[in-house]
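Q: In this note's numbering, the protein residues as written are 1158 to 1328.
Note that beta-carbon positions come from the ideal geometry of N, C-alpha and C, so glycine has one too.
Below you will find the structure I want to go over with you.
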């Protein structure tokens, strides 16, 4: 496979919304759910864009050998997280919308995922803490999991009593 070097946004072939950076690999995330893996020299690793979820990834991180990301299925009002191996082409997710009521995470996430989990609420941010993943979910708190999705800890959002009076004030 010939590797392609990207110099401009137009070289990517889709509208990027963010780049999840890692040491050896990074992922360019597109506005329609596209993902393109590049190496540290900005050369394309996978052949063409990949679609691991039926929608756009809300947040993600690159660990040593995988990408961990999340997405929200707004029609089902469910949020998911999954881990995908780096350095290989991922199968596209099944985006059939014929049977939305009976669809589960296994049907709507790429079979290339190492693991997937349904979350309690929408992930807002995600980062690495060593080899662990820390993420904040809308209204439910902050969590840490290891690379196999085993929960290490969870915590409610911190509260600042001095700022509680400002909650009702519009800025």
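For a quick check, are the C-beta atoms of residue 1182 and residue 1194 less than 8 Å apart?
A: It is a contact, given that the beta carbons lie within the stated cut-off.
Q: Near residue 1305, what residues of its chain come up, given a Cβ to Cβ distance below 7 Å and the 5 sequence neighbours on each side ignored?
A: Counting only Cβ-Cβ distances below 7 Å, and skipping sequence neighbours, we find 1272.
Q: Please check the pair residue 1240 and residue 1225, which I expect to be a contact at CB under 8 Å, by giving their CB distance rounded to whole angstroms.
A: About 5 Å separates the two Cβ atoms, so the contact holds.
Q: Per DSSP, which one or two residues make a beta bridge with residue 1194?
A: Per DSSP, 1184.
Q: Confirm, please, whether the CB-CB distance from residue 1294 to residue 1279 is below 8 Å.
A: Yes.
Q: Taking Cβ positions, are residue 1191 and residue 1171 nearer each other than 8 Å?
A: Yes; because the gap between Cβ atoms is below 8 Å, this pair is in contact.
Q: With distances taken from CA atoms, which of 1276, 1282, 1245 is nearest residue 1267?
A: Selected option, being the one with the closest Cα: 1245.
Q: Looking at the unbroken beta strand (DSSP E) that takes in residue 1312, where does it start and where does it end?
A: Segment 1308–1312, the beta strand (DSSP E) holding residue 1312.
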